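Using the numbering used here, you'd call the opening residue of the sequence shown number 1 and step up by one each time.
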Amino acid sequence: MKPVLALIFILAAFVPLKLKMEAACDRIAPGSLSIGLREQIGQSAFIAVLGGFRSVIADLLFIDAYSAWERTDWTYLLLRLRQATELQPRAILFWEIAGWHMA
């Protein structure tokens, strides 16, 4: 009987903490995924984003944008920077560099 009561007490103590933590995560979580995003970044990258690799894909797109900048391929640069900022809209560096390269 004691283990059952201990389990109930532990669950009752941690449920409010878990709810508070989930609410905080919802506030700071990146934007939601949409079909428009899937059309922009392609199927493989979208599957990686669903798998939790959103920041990794955004970083790879950002690196690809830098190589487009070195080649002076402005159309490709704009495409990759838009994709990177769409995946990580709260990453200030992506917005600053995109503005600087496109200015």
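Cβ coordinates follow ideal geometry from the N, Cα and C atoms, glycine included. Since the structure is predicted, the reported quantities are computational estimates derived from the model, not experimental observations.
Under 7 angstroms between C-beta atoms of residue 65 and residue 81: Indexing the sequence shown from 1 puts residue 65 at position 65. Indexing the sequence shown from 1 puts residue 81 at position 81. Between residue 65 and residue 81, the C-beta spacing is below 7 angstroms.
Reference residue 54; option with closest CA among 83, 73, 8: As a working note, residue 54 is residue 54 in the sequence shown. Of the candidates 83, 73, 8, the one whose C-alpha sits nearest the C-alpha of residue 54 is 83.
Three-state secondary structure assigned by DSSP to residue 52: The residue given as residue 52 occupies position 52 in the sequence shown. Residue 52 falls in the coil class under three-state DSSP.
Cβ-Cβ separation, residue 57 to residue 104 (assumed contact under 8 angstroms), whole Å: Residue 104 lies beyond the residue range present for the chain, which begins at 1 and ends at 103; the question has no answer from this structure.
Where residue 72 falls: helix, strand or coil (DSSP): For this step, residue 72 is matched to residue 72 along the sequence shown. Assigned with DSSP and collapsed to three states, residue 72 falls in coil, not helix or strand.
Reference residue 63, options 97, 51, 89, 17, closest by Cα: Numbered from its first residue, the sequence shown carries residue 63 at position 63. Considering only alpha carbons, the answer is 97.
Limits of the alpha helix (DSSP H) - the one that residue 98 falls within: The residue you call residue 98 lines up with position 98 of the sequence shown. Where residue 98 is concerned, the enclosing alpha helix (DSSP H) stretches over 92–102.
Alpha carbon of residue 73 to alpha carbon of residue 60, nearest angstrom: By 1-based counting over the sequence shown, the position of residue 73 is 73. By 1-based counting over the sequence shown, the position of residue 60 is 60. Rounded to the nearest whole angstrom, the C-alpha separation of residue 73 and residue 60 is 17 angstroms.
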